[in-house]
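Data block below; observations after.
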């Protein structure tokens, strides 16, 4: 694909952004148009997406649809779903959508239909989780498992944690779920102090089984089991690639569940990475409902026309805010405590996918790519950083609302408003305040308004809807990359740090073997810190 | 104070930033200067602050010190510490520093010495926490307290949570600590499902005792106690202003601890707000050690010369990165799991304090104020959003390292490197990779480098050092405001949303009383959401 800046639609959008900065296009004007909410919102695939408080008008939206069209984003999505090698820098397909595919259609990757292996894993996990819940598989002392400890980092952690929190209402299998991610030993100790070692099932998740943090924590887990006189072969399962060191007869475990090279870490929640812990936590049936919700959004992303396509519209607005209006960040604010880990998950998903400077054709990107994603649940966020969003720099907000509360019986406040209604009152008020602002002679009490937000509504926190949310953010993420012509599936940016850490680790190994060793590194600052640590 | 943009030093800094963008000033060049780390780092007040990988040279630093000088930032700090009405929009002093003051000097606010009331509260909390730990004060069924549930939001939550996590290693009083902040009922249910109601001590924290979320959760707690047949008068303490509805004979509680109008919520960790939960959790003596560490940094911020003043240098570099180099965000990455809640705390502290558009003289600010703060602990962050920081947009990073591990006995990896050494290897490597980058013909594997970071080192995670960290960020936050001439102590930006929520709540109350009620609001979008909720 050619340069973005060579596209005539890109130039038209730049022109349109100047028009949009006129006073007559302030959000308080746009938002007061009687039909605004109907015209600038969409329903589909179980989602309601409202962009009436984004700084767009009909012309801007038409140009954005044209941009999507000339960049063939839906065709690119289809190529991805069909198993083509869309992750070209790593010569891989990107088939997270296949892990929730329930059609009987084959999906071919290099002439091999991958659906049988995907279905096989699903069935293995269904059977395994049921055997655990029925007490058929037990620990080495015969105790039923009740503490599930996931050892994994990055994509093997953030996605499963988000979904586990979101579905915690459904955790009726008597299982506690813990995550050990960081190499800091404190993380390990604080988790194991809560568990019953005999009832502990360790789920080690690592595609390559070479991730330093995960290996280190796994080693600590094995030492812990040994100390307690437990047999790791009866307390550990692994989720890893076929033939990795975690899938090896010399290292016996209860069972190994395979993951495949066409599933990237940050897109892996619907693969065995999420399936094993989540099926254990909420039951396989609910995990399958979660998959089906995700699949519905995948289908919508693939087939809904441009102008009705919710994740695509969201991606276009994100690009508009970033490349045309110049906003560098986006806040994700779910008015629902169970979605407290959505923002950290999307932070990884989106920033690792879209924090890129190379196009697929090997050129430097001409425009800035991914923005900063951060967020906390509402109303908490209102009592934290919302001051800045109202009166400091402009940060587009994505509000997320849930129509039906999980807890019907809720105390009513003195104003006869339930907790759930209170959440809504605040969510609605914030979007309105940001958009409309308020005049004041007193500068400290003046609100300039014109601060954009979207609102994404789901009906309830069912497994299907959590799946829809997951797939919405995945589709939006790749759509943006398809417009920039960048690769949302690789992450070479993390490699330099890893390589430098390797060389520093070698210095430490030498020092640990011989305390008189003088550090040998060209970098004075690195040497300074090595000396500081060993002197300390 | 006059406009920033009228200052000649501001113009000189703008010129200097152009010089700094020259290739010869790339961080890989600056960082290779043999004496760089010694010249661009400072030790003091138990902290080591390294800014050798910030994009500054001697000239830039001299101009920044001149800026601090002409804006009288240390004099402003002194006025704050001495109890002058520095929060001019609310006509209040800002005396968080007094809560950890241990000199015998009086501090006068409007002709009243406030130290006696501060010392009185400290003693009350010491005595109270000891009586709880000794089992002298017990619940209404005679059980010893073991579950502390803090109900509070924003400043009554994020600070205490950060410190509690940071000091969790010292939680030897047999107490579990929980926080209920969000009005979402899920937050309440997930906490109470873990506690023993008879052993539960509820700490309700609200300065005004009118915060909707806190009142709603308190109401739920009272209903919960009633259901369990427990007497709230023997299970609740309040932290609130003298004479508030939470300090009222009609509403009997075990004890009420006062907070004062000269302590803002986000600066309140060292007041009763933090003192009550933290003394219960780790013991009063350790809480006092935490206060003394904070006090040491306060003294340093007040008295250390400009060029040696660590929080001030950090503030100046933050301003340099923001207003001169144009970076809109900052990531806080502690290589220590116990500091996992530092970034959310500083996010509130800094963004609520510095997300402002009005100067103290009532003019619109001419330059952008506070940046976006976000972060996760390392190494987790490396497996999440670091891709973007290495190859996407530039985000200055503040690394935080701890020299001595809490757990001496740590498993060694195969490379004979302990978990703690692994954390350091990664922290050092990331700063180096960001600064130096790496050339490559392959655009996807090219690292442009020149990405700035600071490193802040503490010796260990002692209570003193956690206090130092807290006070470092507080001082840095106000120093930046002192340069912009903005008020870091008010938060009028949150009021419009509150007001709009009030009017929406009234509509809900009417609807709840009469289901045939038609919503009456000018705002079509608001009306749409009200109908959606009540239809749903």
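Chains as they are written, first to last, in our numbering: chain A, 1 to 536; chain B, 1001 to 1536. Where a beta carbon is used, it is the ideal one built from N, C-alpha and C, also for glycine.
Residue 274/A in three-state terms, based on DSSP
Against the first chain, residue 274/A aligns to sequence position 274. Helix.
Short of 6 Å in beta carbon distance, which residues of its chain neighbour residue 1107/B, apart from the five on each side in sequence? Order them along the chain.
Working through the second chain from its first residue, we reach residue 1107/B at position 107. For residue 1107/B, where only same-chain residues beyond five positions count, the Cβ hits under 6 Å are 1083, 1098, 1114 and 1115.
Contacting residues, own chain, Cβ-Cβ under 6 Å from residue 324/A (five flanking each side not counted)
Position 324 of the first chain, counting from 1, holds the residue named residue 324/A. Within the same chain, residue 324/A has close Cβ partners 13 and 17.
Could you pull out every residue in the same chain whose Cβ sits closer than 8 Å to the Cβ of residue 1295/B, ignoring the five residues on either side in sequence?
By 1-based counting over the second chain, the position of residue 1295/B is 295. Answer for residue 1295/B: 1097, 1100, 1101, 1102, 1467 and 1471, listed in chain order.
Rank 8/A, 68/A and 461/A by C-alpha distance to the C-alpha of residue 316/A and give the top, closest one.
Counting from one through the first chain, the residue named residue 316/A turns up at place 316. When each option's Cα is compared against that of residue 316/A, the closest is 68/A.
Between 121/A, 407/A, 118/A and 458/A, which has its C-alpha nearest residue 49/A's C-alpha?
Taking the first residue of the first chain as position 1, residue 49/A is located at position 49. Per the Cα distances, 458/A.
So does the stretch 1137-1147 of chain B actually touch the stretch 1231-1240 of chain B, counting three or more Cβ pairs closer than 8 Å?
yes
Is it right to say residue 1132/B is buried, meaning 16 or more other beta carbons lie within 10 angstroms of its own, or is it exposed?
Taking the second chain and counting its residues from 1, the one referred to as residue 1132/B is at position 132. That one is buried.
Label residue 378/A either buried or exposed according to how many other C-beta atoms from any shown protein chain fall within 10 Å of its C-beta, with 16 as the threshold for buried.
As a first step, residue 378/A must be located in the first chain, where it is residue number 378. Buried, by the Cβ-count rule.
Who are the near neighbours of residue 1124/B in its chain, counting only those whose CB is closer than 7 Å to its CB and skipping five residues on each side?
Residue numbering aside, residue 1124/B sits at position 124 when the second chain is read from its first letter. Closer than 7 Å at Cβ, skipping near neighbours: 1257.
What residues match up with residue 454/A in a beta bridge as DSSP calls it?
The residue given as residue 454/A occupies position 454 in the first chain. Per DSSP, 398/A.
Whole-angstrom Cβ separation of residue 1454/B and residue 1398/B, contact assumed at under 8 Å?
Within the second chain, the letter at position 454 stands for residue 1454/B. Within the second chain, the letter at position 398 stands for residue 1398/B. Yes, residue 1454/B and residue 1398/B are in contact; Cβ-Cβ is about 5 Å, under 8 Å.
Give the residues of chain B in contact with residue 363/A, contact being defined as C-beta atoms less than 9 Å apart.
The residue you call residue 363/A lines up with position 363 of the first chain. Per Cβ cutoff of 9 Å: 1443.
With a CB to CB cut of under 6 Å and the five nearest residues on each side skipped, what residues in its chain are close to residue 1491/B?
Taking the first residue of the second chain as 1, we reach residue 1491/B at position 491. Within the same chain, residue 1491/B has close Cβ partners 1352.
By the three-class DSSP mapping on this structure, what secondary structure does residue 1148/B have?
Your numbering for residue 1148/B matches position 148 in the second chain. If DSSP states are grouped into helix, strand and coil, residue 1148/B belongs with the strands.
Would you mind sorting residue 11/A into buried or exposed? The rule is 16 or more other CB atoms within 10 Å of its CB.
Working through the first chain from its first residue, we reach residue 11/A at position 11. By the neighbour-count rule (16 or more Cβ atoms within 10 Å), residue 11/A is not buried but exposed.
Using a beta-carbon distance cut-off of less than 7 Å, what residues from the stretch 1260-1272 of chain B approach chain A?
none
In or out: residue 1136/B buried (at least 16 other Cβ within 10 Å) or exposed?
To locate residue 1136/B, count along the second chain from 1; it is residue 136. Answer is exposed; the Cβ neighbour count stays below 16.
Where the alpha helix (DSSP H) through residue 1020/B begins and ends:
By one-based count along the second chain, residue 1020/B stands at place 20. Its alpha helix (DSSP H) spans residues 1008-1020.
Could you tell me the boundaries of the alpha helix (DSSP H) in which residue 1484/B lies?
Reading the second chain from its first residue, position 484 is the one you call residue 1484/B. Element bounds for residue 1484/B: 1463-1484.
Mind the definition here: the stretch 214-224 of chain A touches the stretch 195-205 of chain A only if three or more C-beta pairs lie below 8 Å; say whether that holds.
yes
Ignore the nearest five residues each way along the sequence and tell me which others in residue 1286/B's own chain have a CB closer than 6 Å to its CB.
Sequence index remark: in the second chain, residue 1286/B carries index 286 (1-based). For residue 1286/B, where only same-chain residues beyond five positions count, the Cβ hits under 6 Å are 1170 and 1463.
Alpha-carbon spacing of residue 151/A relative to residue 2/A, whole angstroms:
Within the first chain, residue 151/A is the residue found at index 151, counting from 1. Within the first chain, residue 2/A is the residue found at index 2, counting from 1. So the alpha carbons of these two residues sit roughly 43 Å apart.
When burial is assigned at 16 or more other CB atoms within 10 Å of the CB, is residue 22/A buried or exposed?
As a working note, residue 22/A is residue 22 in the first chain. Classification for residue 22/A: exposed.
Selection of the stretch 141-153 of chain A by Cβ proximity to chain C, strictly under 9 Å
Protein chains in the displayed structure are A and B, and chain C is not among them.
Chain A partners of residue 1172/B, CB-CB under 7 Å?
Looking up residue 1172/B in the second chain gives position 172. What residue 1172/B touches in chain A: nothing, since even the nearest Cβ is about 12 Å away.
With distances taken Cα to Cα, identify the nearest neighbour of residue 1343/B among 1089/B, 1374/B and 1193/B.
In the second chain, residue 1343/B corresponds to position 343, counting from 1. Nearest of 1089/B, 1374/B and 1193/B to residue 1343/B, Cα basis: 1374/B.
Touch test, the stretch 1480-1490 of chain B against the stretch 422-432 of chain A, Cβ-Cβ under 8 Å, three pairs minimum
no
List the residues of chain B whose Cβ lies closer than 8 Å to the Cβ of residue 357/A, in chain order.
Locating residue 357/A in the first chain gives position 357, where the first residue counts as 1. Those within 8 Å of residue 357/A in chain B are 1391, 1392, 1443, 1446 and 1448.
Closest residue to residue 1511/B among 164/A, 514/A and 418/A (Cα-Cα distance)
For the purposes of this step, residue 1511/B is taken as residue 511 along the second chain, with counting starting at 1. Taking only the C-alpha atoms, the option nearest residue 1511/B is 418/A.
Report the rounded CA-to-CA distance for residue 1005/B versus residue 1059/B, giving the unit in angstroms.
The residue you call residue 1005/B lines up with position 5 of the second chain. The residue you call residue 1059/B lines up with position 59 of the second chain. Their backbone Cα atoms lie some 19 Å apart in a straight line.
Given this structure, state the Cα-to-Cα distance separating residue 1426/B from residue 218/A, to the nearest angstrom.
Indexing the second chain from 1 puts residue 1426/B at position 426. Indexing the first chain from 1 puts residue 218/A at position 218. Roughly 19 Å between the two C-alpha positions.
Quick check on residue 120/A: buried or exposed, where buried means 16 or more other Cβ atoms within 10 Å of its Cβ?
In the first chain, counting from the first residue as 1, residue 120/A sits at position 120. It counts as exposed.
Short Cβ contact (8 Å threshold) for residue 1484/B with residue 533/A:
Start at 1 with the first residue of the second chain, and residue 1484/B comes out as number 484. Start at 1 with the first residue of the first chain, and residue 533/A comes out as number 533. Result no, Cβ atoms of residue 1484/B and residue 533/A do not sit closer than 8 Å.
Does the Cβ of residue 523/A have 16 or more other Cβ atoms within 10 Å, making it buried, or fewer, making it exposed?
Here residue 523/A refers to the residue found at position 523 of the first chain. Flag for residue 523/A reads buried.
Would you tell me roughly how many angstroms separate the C-alpha atoms of residue 1311/B and residue 1086/B, rounded to the nearest one?
Looking up residue 1311/B in the second chain gives position 311. Looking up residue 1086/B in the second chain gives position 86. So the alpha carbons of these two residues sit roughly 19 Å apart.
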